[in-house]
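Reading through the structure tokens given below for one structure.
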Amino acid sequence: MICRRISQALLLAAANSATNNALSSTSNRTLLTHTSSCNGLTNIISSHSLSRLLAFPWSLSQRRGAKAIGSEVRVGNIIQRKGRVYQVLKAQHTQHGRGGASIQVELRDVDGGNKVTERFRTDEAIARVYVEEKSFTYLYTEGNTVVLMDPKTFEQMEVAKDLFGKAAVYLKDDMKVTVQYYDERPMSASVPQRVTCTVVEAQTPMKGVSVTPQYKRVLLDNGLTVLAPPFIVAGDALVINTSDDSYITRAKE
436 MICRRISQAL
446 LLAAANSATN
456 NALSSTSNRT
466 LLTHTSSCNG
476 LTNIISSHSL
486 SRLLAFPWSL
496 SQRRGAKAIG
506 SEVRVGNIIQ
516 RKGRVYQVLK
526 AQHTQHGRGG
536 ASIQVELRDV
546 DGGNKVTERF
556 RTDEAIARVY
566 VEEKSFTYLY
576 TEGNTVVLMD
586 PKTFEQMEVA
596 KDLFGKAAVY
606 LKDDMKVTVQ
616 YYDERPMSAS
626 VPQRVTCTVV
636 EAQTPMKGVS
646 VTPQYKRVLL
656 DNGLTVLAPP
666 FIVAGDALVI
676 NTSDDSYITR
686 AKE
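Position 220 of the sequence shown, counting from 1, maps to 655 under our numbering, and the rest follow consecutively.
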């Protein structure tokens, strides 16, 4: 861009000085020099790194850390710690009474693959690494492999079922899912935060009971058991929060 502006300015100067042969000749030579430099620089970039940046523009920001605190760390996050880049495999929050709360995490070294367990304070500063996210359409699961489709190119892609973690149970035909990439590799995948499931088994509400009972357990069509209000019956469609498997509301018909 800078080279282009320099070239345009020199071209205008050369045109305005057309009556002065000496000045015009100098301007033209300078213009050619700058134009040649720009072309050479463009060729170097194009042949080496420009194509990579155009294909993977997120690679510019992957190493930039965004500060977060320990309590915000979630499974699937990519973090930077002690000079290494890790993916969070497990995260468990623990309360220590007066000693405050902490979070114990299982981490996997992105480059080496080694797993380590560490404990963060909930207010401890953590450097998160940006990842690139892409949307796909879920097609089917075969063993431990999930087959997805790019909705734009219709190309199919296989990823490990483990990338979805416990959320894999919510996968449904034609569901829109998100795959998180780091360094051009799929590191984790997620389903929508709200998913509608059907109750296949639930205790029938008892008539004549004056005191409203607490939430009861119901079985969903994906095999999960969740807590739901006492008025829920088999056949009801429920909106479930996939992050903690909790009941949100009864789906509207």
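Beta carbons are placed, not taken as given, at the ideal position from N, Cα and C, and that holds for glycine.
Everything numeric in this text was worked out from a predicted model, so none of it was measured.
Assumed close pair residue i, residue j - CB separation to whole angstroms, cut-off 8 Å
{"i": "Ala-624", "j": "Gln-615", "result": "7 Å"}
{"i": "Asn-520", "j": "Asp-546", "result": "According to the sequence displayed, residue 520 carries Val and not Asn. Right, their Cβ atoms sit about 7 Å apart."}
{"i": "Phe-571", "j": "Val-612", "result": "6 Å"}
{"i": "Gln-527", "j": "Ile-538", "result": "7 Å"}
{"i": "Pro-640", "j": "Phe-666", "result": "6 Å"}
Per-residue DSSP class, three states only, for residue i
{"i": "Ile-480", "result": "Bear in mind that the predicted position of Ile-480 carries a pLDDT of just 36, short of 50, making it too unreliable to give a figure here."}
{"i": "Ser-471", "result": "The predicted position of Ser-471 is uncertain, since its pLDDT is 45 and thus under 50; a value taken from the coordinates is nonetheless stated next. Helix at Ser-471."}
{"i": "Asp-544", "result": "strand"}
{"i": "Phe-599", "result": "helix"}
{"i": "Tyr-573", "result": "strand"}
{"i": "Gln-497", "result": "Any reading at Gln-497 needs caution, since the residue's pLDDT is 45, under 50, leaving its predicted position unreliable; the model's value is listed next. The answer is coil: DSSP assigns Gln-497 none of H, G, I, E or B."}
{"i": "Thr-465", "result": "With a pLDDT of only 43 at Thr-465, under the threshold of 50, the placement of this residue in the model should not be trusted, and no figure is reported."}
{"i": "Ser-506", "result": "helix"}
{"i": "Tyr-605", "result": "helix"}
{"i": "Tyr-616", "result": "strand"}
{"i": "Tyr-650", "result": "coil"}
Beta-carbon proximity check, residue i vs residue j, cutoff 7 Å
{"i": "Thr-631", "j": "Ala-663", "result": "no"}
{"i": "Val-566", "j": "Ala-602", "result": "no"}
{"i": "Val-581", "j": "Lys-596", "result": "yes"}
{"i": "Ala-686", "j": "Val-668", "result": "no"}
{"i": "Val-564", "j": "Val-540", "result": "no"}
{"i": "Val-508", "j": "Ile-561", "result": "yes"}
{"i": "Tyr-617", "j": "Ile-513", "result": "yes"}
Margin query: With three or more beta-carbon pairs closer than 8 Å as the criterion, would you say the segment 546-557 touches the segment 650-662?
Written below: no
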